[in-house]
Amino acid sequence: MKFPPLHFGTVVERQKRFKLLVDFDDHLDWAYLPNPGRLRELIYPGAPVWLKPVHSVKRKLTHEAVLGYDSVPVCLYAALANKLFLESLDLLGLGGNVQLLKEVSLGHSRLDFSVGGRLVEVKSVTLVQDGLGLFPDAPTKRGTKHLYDLADKGEGLVVFVVQRCDAEAVTFHGAMDEEFASAMKWAKKKGISFKAVNCIVTKEEIRPWREIPVLFPQD
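Using the working numbering, you'd call the opening residue of the sequence shown number 5 and step up by one each time.
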């Protein structure tokens, strides 16, 4: 997936969850941050950020954050995870001539995909510590509910898309969201499968790279 030409800036401050004040060297301006995570390792005063210009009369903010940096480039655009998952189907052993549906209802929830009749929920990962991708980066009641919904059905797949290259595995971030960690362990016991893929990220593009394991550390 190619990026448009990106503009470099420096983070001045984050306002609420989705707005950044950015120093573009010759001026300050507000930008949209398309990620609800805490991003403490990526978004802080003085942090580098790469942004794409937004040309729309409907948008008040003129730029949108695309990349941050934490030892390696990291894609900040959480919504890209679904597109990256679709690019990863063969890599994850899910390709072939199968029916693919988007935004599939399950009870009162809406899951990301059905692939060959198998429900799939996709999660974007940006936090990596010592080679281990951690999800979530902020408490997620919605994500927890999705896991319990899948567990109740007794079948399905959760895919973690790590939008950076340095994760060797993925696991739950129990210190951030104990309820999600419990739901993930319960879902596994009920037959839900888990997969993960990491990505090569540059200023020009992001692309799926390797399938990596999902770990369930012992309590």
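Where is the CB? At the ideal position from N, CA and C, for every residue including glycine.
These numbers were taken from a predicted model, which means no experiment stands behind them.
The residues Phe176, His177 and Gly178, in chain order, have a CB closer than 8 Å to that of Ala185 in the same chain once the five nearest residues on each side in sequence are set aside. Shortest Cα-Cα distance from Asn86 to any of Trp34, Arg211, Val126 and Arg114 involves Val126. As far as DSSP is concerned, Asp156 takes part in no beta bridge. Your pair Leu55 and Glu45 does not check out as a contact, with CB atoms roughly 18 Å apart and the cut at 8 Å. One thing to note: Ala35 has its Cβ within 8 Å of the Cβ of Leu24. Annotation for Val78: Leu46, Leu71, Gly72, Thr130, Gln167, Arg168 and Val205 place their beta carbon closer than 7 Å to its own, counting only its chain and skipping 5 residues before and after. If only uninterrupted beta strand (DSSP E) runs of at least 3 residues are considered, those enclosed by the segment 99–187 are 104–110, 113–119, 122–129, 131–133, 136–139, 161–166 and 173–176.
For the 8 Å CB-CB criterion, Pro57 and His112 do not form a contact. In the three-state reduction of the DSSP assignment, Asn39 falls in the coil class. Straight-line spacing of the CA atoms in Arg114 and His59 works out to 31 Å. In this structure, Val165 is the residue among Asp134, Val165 and Ala173 with its C-alpha nearest to the C-alpha of Leu93. Around the C-beta of Pro140, 16 or more other C-beta atoms lie within 10 Å, and the residue is accordingly described as buried. Shown here, Glu91 sits in a helix according to DSSP, grouped into three states. Contact check for Thr14 and Gly50: beta-carbon distance about 6 Å, within the 8 Å limit, so the pair qualifies. Short of 8 Å from the beta carbon of Trp213, and not among the five residues preceding or following it, lie these beta carbons of its own chain, in chain order: Cys169, Val201, Asn202, Cys203 and Ile204.
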